[in-house]
């Protein structure tokens, strides 16, 4: 173990969800030498990670609503073949430690056990920020990175205050529903002096007022919506069609998702927000006029697993019609969790290096990265490496 | 039409095969404004092609064994849905012109109508070179690029002369089977002062003695084995697994090929040579210890179409087993023909620029490129663009 | 050619659509010995078709809205690879003959060139029936079978008259929108003394009042919604899961349809009606509690082709989760047209044999057959053969 | 538990293999009410199993070569996700009981710990038969069914004695390699008065001399080569193409198998024997002239799982080319084990009913059933039900 002062906190919004649970088990197992860092980008032998905090300096905590404990969630993931049974026992101590650092979260304007229905959003934010601050102080952490891995929220109806930080701060003491929960968490994190990572498509810190707050407070942001399947493949494959001058006519996709996120994402609102950003990325790579629809369907029987099928109709030489299909079958939380660790390491280092505002070079990880960076996966990986190489703590 | 002196000859070995026929029809259709340059890499709007000979300066001829005329081959390709019916009539004039520039080729030591069984390989090479030279002089071409698009040959048993140019040249006047046909064509092309492109996995100019000859005569070489399906996808997808640190355990592939090439490639000899180079490329990208087999099966009912199915078994975070599959369904000659035009343009420009020996930056086009260049498609495309940008005729 | 008196008319609603055009070309080509009866069930060597009218006794006509002529539709299908180019010329005479027997149809209450907006549905029905009657008399046909192959209509809002023949007949002279077009066509066909085949999921003759009319007039009905892809495969595969006692947990499907029908079916209304009947069939075979969604997406780039991808999640022994996927890539009109000929032959023979009302033993052909017959394809085929064997004209 | 006299022994050749281990765990779990009979055909609610021995009357034992104990094999299967972790503890007692009934088997003419290299096959057979007889007597079993679930053997070179029972019996005392192990086990089983089930494609009881022995001793035989994936699907799907008169042009298949059987079956010998019987079945259903190859490839990374991909190229109406693909992803032992239980119950009942020789109505279970029965799965299921209904113990 490294010295207290050099440890880094990872504060997970949705701390008992499948992704968070898997990240905590995985970090524990890797530190104990019980698992390879498969799926961790920053752990590649060739990755320039000398300026990133080592894995064994990460300490976990977070917010969540009342529910089964981390260890019970881990047991359920074993039954779902998302975690190997033999890791449960050796990782139990670290799971218990993380469990003790979970504080009750914010369920939205309807209220919950901790924050009753009438509580102002300013008051909620204050309490959430205090939880994070307490975590940092008590454990003597050099810094804390906040990662939103809770269920996806529907797109948020636009409000003038979302674009105007002053107006937002004036309004918060007297409102209960101005910000969606993900954005209120982002606000609290920034107020607590912490970088914030939008791991899901929820609004989070993507509201202009919150981006402004991050810049004012000199805090880095990362996001949004980690790519772990269909979009990952699309950003690897679409550049091939473009480079070969093959004309993509239609790109259609079906995503079968189980578990909690399947139900959330297949609902018309979230599905719309997710499929829109997927479509934009594709168009950027192969042209604006492609046909096709991306579907997200919930299949609870799949558990935490997902299956994506994509069909690409393209024209070859002289207009001859051809096609390509792929099927991706993966465990959602096992695909996401190592990226949580990667992003925590990278964003912590960016904070240490004094970077502020959205970190465009992290586009490699996201479906909907800020600032319309290159959409090609290879370009994104090149940019990521360059970014990591250039990081030096001040 | 451009001036005589600036025209470039494209001499096709296998001039009435499906790939050659499609290339001639396609060049004609595009010059007449009847078809988009879909599939032509060098015709992308963003591609730096200012130093390449324009499409309408290319003139076609070649060697082939006696058989149906180009126009009949084109009609058969229409029935097989590999060429659009409406292009036949407008392109007929150009097909006839190319037909008149086809000379009878070399069938190997067994002999054929033109070269009887006992003819020495030196004599055959002289006659083949004279055909090419006559084509260049008669039509007043600036240069002629020779492209081997005939059926794949089995791997060639090693002979000492293959590695020693002096020994090879001493031996040729008295042998009938020292070089496989593709290599004898390469020898003849180089003797005629022409760049040579190994479009297939046949030995061609890959024998060290012939590479030495190209350097001595200051001629560029390109090759070998154009990638138009499974391998193209592999070089786009495998880097994704590597960049994400996902551990590929097994990569298995089945290729269903119709037509002539299916039968040739599914034969144990050629299949072995083709699958070996495919496997090497994969290992370079995702590791030496991957399991899996690549199969090539002949299915005549598919005509000139092919279907490739690949299955990738990989480990994710904490060793959780996941998988990916793809199916690629394309028309083989429609995938290959535009690359013939790309390679002819690029190699002609390289010749004009005075480059000699194997052109490593053309790896983007090949399954088995020389000099172990990057295997990632994105890196190969970057190198190709840099190469094209740097070309200037002396 | 057979004698006038033994010829059978096939009156197609949607007579210039892709399915109708393909059926006319196909019947012509087969009669001329230019094509095998591939896809025609009743033409199998082992099928008991001795009581069915031979293919060369069928005569085609129909209703359609103004549009390009049959021969132009056939040319477009050749460009879309749905018809072989070489059949156009030999079949032109028969296409022209059918074209001359096409009468302008009914576009619905909005009116069209022939039936203006205020025309009562009784008047329209009378005119449509007169067209059919004229066709029969002029050509001296033994009988005429009417087949609805026009675009799918949305589900129809229930009306009391749909269930009560007397009320319907009282109302028709004074209404313009009581029956959807498909049902008005069915009414006209029955009034003209013709059997009626619901080849699409449109309401057609499935309204109870029309079924009653068919019984009263002693006319057979067949339908509805021919199965030509995903559902066909489902009825072949689902019994396998059942017989092996494998528990299907979820069956998800995505249908990519091009052309006109893709746009129609992907619209929420028709999609709902189509996917509902597909789901019912699956539940009948593998249980009521299966998860999964069936999607229909329009991809115009596919032309008259369609691709269906199905994913089946099932439990094996001791609850081990397994999966199966299939992809079906077919030409919609080429799959449907031979069934039009089969159904015309079978329904004509049923009429000759004096059968009346819905013909349940034709379930083999339909996604949504009447009377909840066996859903297993093998059982349906057995029933179809038994039905054909038992047919004897009175 | 039922009375001693009514218990039935199931003697497994390869008693510690994955299939046998899964069968023992599964029978135990179902008897304890811990698992549904998913995958057990004879346990379907609608299946006529009143004449079959109940599951809780089965007692397990068998032959195997020295190796890890059943409980260790079960633990390995849990790690490979082929058995649910929670069943291990409750089934441990039954696993231990079965372990105690495992006797050392016969490894072939090379010899092994029990039977040294020079031991005559008559002597080996006598010892094996004595093991089975001892099992029956000691446990007071009504009868014992022997099931061969050991690794597949290569095809056996023909010997005159294989066709002539008298000659075989004369030769056995003086030979060490006349019969392959599977056939020597079959001989021993029959000599011990037990029915024999060829669950694999090994020669087993399929040699004419052994079939004659079964008839002479009035013992039933079942086999061979249980269908659990690709062939199962083929026998469900091929009848669809036939019934619809769609012309299958090519049927190609790739089977990726992990574990022990993958290595065995991918070896040229066994692969040849397995693919031959698969091809015969397909031809019986869709015609003798189909193209395509069936491949078996070993991918150890798949563990006990397998993936089959099939591609069907077929012609539709007017020769339009279409295609279908499927992918089957299953756990081999979980697919096979319930069929072992089904076959044990059915064959035991057939024995009780006095049936002798090959049981053709069990074709539903096999890739290569005796007597060229119907190949269509639906017909086979109908025959199986009729057979089960007709069974009555004398």
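Protein chains in written order, with the UniProt record's numbering: chain S, 1 to 394; chain E, 1 to 394; chain H, 1 to 394; chain Z, 1 to 394. Using N, Cα and C, we set each Cβ at its ideal position, and we do this for glycine too.
Sequence-ordered contacts of the segment 308-326 of chain S with chain Z are nonexistent [C-beta pairs closer than 7 Å].
Under the 8 Å criterion on CB atoms, residue 56 of chain S is classed as non-interfacial with respect to chain E. Beta-bridge partners assigned by DSSP to residue 226 of chain S: S/366.
In the three-state reduction of the DSSP assignment, residue 110 of chain E falls in the coil class. Residue 323 of chain H and residue 366 of chain Z have their C-alpha atoms some 21 Å from each other.
DSSP places residue 288 of chain Z in the coil class of the three-state scheme, outside both helix and strand.
By the criterion of at least three beta-carbon pairs nearer than 8 Å, the segment 311-321 of chain Z is not in contact with the segment 112-121 of chain Z.
Setting aside the 5 residues that flank it on each side, residue 124 of chain S is surrounded in the same chain by 106, 115, 184, each with a C-beta closer than 7 Å to its C-beta; the list follows chain order. Distances from the alpha-carbon of residue 40 of chain H to those of H/368, H/357, H/338, H/388 put H/338 closest.
Three or more beta-carbon pairs separated by less than 8 Å link the segment 196-209 of chain Z to the segment 149-167 of chain Z, which places the two stretches in contact. By the Cβ test, the segment 21-37 of chain E is in contact with the segment 53-70 of chain E, since at least three Cβ pairs between them sit closer than 8 Å. Under DSSP, no beta-bridge partner is assigned to residue 264 of chain S. The DSSP-derived three-state label of residue 217 of chain Z is coil. Uninterrupted beta strand (DSSP E) stretches at least 3 residues long and entirely within the segment 119-185 of chain S occur at 143-148, given in chain order. The C-alpha of residue 364 of chain E is placed about 22 Å away from the C-alpha of residue 287 of chain S. When beta bridges are read from the DSSP output, residue 38 of chain E appears opposite no residue. Per DSSP, reduced to three states, the secondary structure at residue 383 of chain S is helical. Fewer than three beta-carbon pairs drawn from the segment 163-170 of chain E and the segment 78-92 of chain E are found closer than 8 Å, and the two stretches are therefore not classed as touching. Contact with chain Z is absent for residue 89 of chain E, since none of that chain's Cβ atoms lies less than 8 Å from the residue's Cβ. Sorting Z/264, Z/6, Z/235, Z/304 by C-alpha distance to the C-alpha of residue 57 of chain Z places Z/6 at the top. Residue 304 of chain H sits away from residue 229 of chain H, with the two beta carbons spaced by 8 Å or more. The criterion of a C-beta distance shorter than 8 Å is satisfied by residue 348 of chain Z and residue 143 of chain Z. Here the C-alpha atom of residue 176 of chain Z lies approximately 43 Å from the C-alpha atom of residue 238 of chain Z. Contact annotation, residue 15 of chain E with residue 63 of chain E: C-beta distance approximately 6 Å; criterion of less than 8 Å satisfied.
In the same chain as residue 206 of chain S, and ignoring 5 residues on each side of it, the C-beta atoms closer than 7 Å to its own belong to 198, 223, 224, in chain order. The contact set of residue 85 of chain E on chain H, defined by CB atoms closer than 8 Å, consists of 78, 79, 85 in chain order. Assigned with DSSP and collapsed to three states, residue 253 of chain E falls in strand. The three-state secondary structure of residue 104 of chain S, taken from DSSP, is strand. Checking the DSSP bridge columns, you'll see residue 196 of chain E partnered with E/146, E/221.
In this model, residue 368 of chain H and residue 362 of chain H are separated by some 11 Å (Cα to Cα).
Cβ contact annotation for residue 383 of chain Z (same chain, cutoff 6 Å, sequence separation greater than five): 361, in chain order.
Under the Cβ criterion of 8 Å, residue 332 of chain H is not counted among the residues facing chain Z. The shortest CA-to-CA distance from residue 33 of chain H to any of H/325, H/91, H/379, H/74 is the one to H/91.
Using a Cβ-Cβ cut-off of 7 Å, residue 291 of chain S is close to 299, 300, 301 of chain H, given in chain order. For residue 20 of chain E, the CB contacts under 7 Å within the same chain, skipping 5 residues up- and downstream, are 12, 14, 62, 149 in chain order.
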